[in-house]
Amino acid sequence: MDDWFSVVDARCELSAGAVQELRDVGFVVIPGPVAPDRMAQFAEAYDAAVACATPEDVAIGSTTTRVNDFVNRGPEFDGLYVYEPVLEACCRIIGQPFKLSTMHARTVRPYSRAQNLHVDFKREGDGWPMVGFILMVDEFRTDNGATRFVPGSHKWPTIPADFPQDPSADYEGQVLACGPAGSVIVYNGSAWHGHTTNRVGEPRRSIQGAYIRRDAEPAVNQAARIRPETLGRIGHLAKYVLAI
Ligand SMILES: O=C(O)CCC(=O)C(=O)O
1 MDDWFSVVDA
11 RCELSAGAVQ
21 ELRDVGFVVI
31 PGPVAPDRMA
41 QFAEAYDAAV
51 ACATPEDVAI
61 GSTTTRVNDF
71 VNRGPEFDGL
81 YVYEPVLEAC
91 CRIIGQPFKL
101 STMHARTVRP
111 YSRAQNLHVD
121 FKREGDGWPM
131 VGFILMVDEF
141 RTDNGATRFV
151 PGSHKWPTIP
161 ADFPQDPSAD
171 YEGQVLACGP
181 AGSVIVYNGS
191 AWHGHTTNRV
201 GEPRRSIQGA
211 YIRRDAEPAV
221 NQAARIRPET
231 LGRIGHLAKY
241 VLAI
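Counted the way our numbering counts, the sequence shown spans residues 1 to 244.
What follows is the structure, encoded as structure tokens:
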């Protein structure tokens, strides 16, 4: 099967309302692929995968710790990048065949300040538009670093004059994407966003992925990175999404 785009495009797992919100606001929060009663076990698998990662796959930033390559970190994570509602969002927003560019873990460490507002993908940049997802391994709350978005900012032709000098400052009209553990934020990569301050003593864990046009340069060459055990267990749709 080489026409997975048409197959996914014809499905209706993502509601019309969610698609509209994604188009208008730039992000939407939907239920995710892991059942709520499996989230505790999933979080354990996340911690084990993060703990096993070798130093070259770990990036410790000023507020977050990122661990690369969650395509190859175990079967628990295989369903994330082929989650139908997110793939449908890609069909609607990217509008042409697409692929996964990257999937990694990101933990906002306890008592970390807010991240600068930023876009993942400039409008009209190579591979644009990009669709991202953030799976909430922990509940995203106002006090633990939930991601904030500036509604409609994916449509800005230029940065508005009232944009804060300090991009870590609050921006009028910003909205926090909160939800119970297991929820998924689907967003347009050109929407301005960033994690907020984590005011509590617990990490805020997530798995994040990005999809781009199939003909664009990915952040990770999945074909080069794929492990034999991953290849042996994933299905045709996954191989298509990884472009391998
Ligand atoms: O983890 C989040 O809430 C957002 C992270 C993010 O946007 C980034 O690091 O580029």
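For each residue, glycine too, the CB sits at the ideal point set by N, CA and C.
Beta-carbon spacing of residue i, residue j below 8 Å
i, j, result
"Gly79", "Pro33", "yes"
"Ile93", "Asn221", "no"
"Ser101", "Pro218", "yes"
"Leu237", "Ile226", "no"
"Phe98", "Arg23", "no"
"Val67", "Val50", "yes"
"Leu117", "Pro167", "yes"
"Phe140", "Arg38", "no"
"Asp143", "His104", "no"
"Phe42", "Glu84", "no"
"His154", "Ala191", "yes"
"Met136", "Gly182", "yes"
"Trp4", "Tyr171", "no"
"Arg109", "Thr64", "yes"
C-alpha gap between residue i and residue j, whole angstroms
i, j, result
"Phe121", "Trp156", "13 Å"
"Ala146", "Val8", "30 Å"
"Gly74", "Gly232", "12 Å"
"Ile244", "Ala223", "5 Å"
"Ala317", "Ala114", "Outside the displayed span of the chain (1 to 244) sits residue 317, for which this structure offers no information."
"Gln20", "Pro180", "22 Å"
"Ala40", "Pro55", "26 Å"
"Phe149", "Val119", "10 Å"
"Gly173", "Ala18", "20 Å"
Beta bridge counterpart(s) of residue i as assigned by DSSP
i, result
"Phe27", "Tyr187"
"Val67", "Val58, Ala105"
"His236", "Answer by DSSP bridge pairing: none, since His236 is not bridged."
"Ala16", "DSSP output for Ala16 lists no bridge partner at all."
"Gln222", "In DSSP, Gln222 forms no bridge with anything."
"Ala210", "Thr102, Gly132"
"Asn198", "Asn144"
"Arg205", "Thr107"
Segments of 3+ residues assigned as beta strand (DSSP E) that fall wholly inside the segment 125-195 | 131-136, 147-149, 175-177, 184-188, 193-195
Flag this pair as touching only if the segment 206-226 and the segment 129-139 have three or more C-beta atom pairs under 8 Å; answer yes or no.
-> yes
Mind the definition here: the segment 191-202 touches the segment 32-47 only if three or more C-beta pairs lie below 8 Å; say whether that holds.
-> no
The segment 157-171 / the segment 11-24 touching (three or more Cβ pairs under 8 Å) = no
Examine the Cβ distances between the segment 173-191 and the segment 24-33 and report whether three or more of them are shorter than 8 Å.
-> yes
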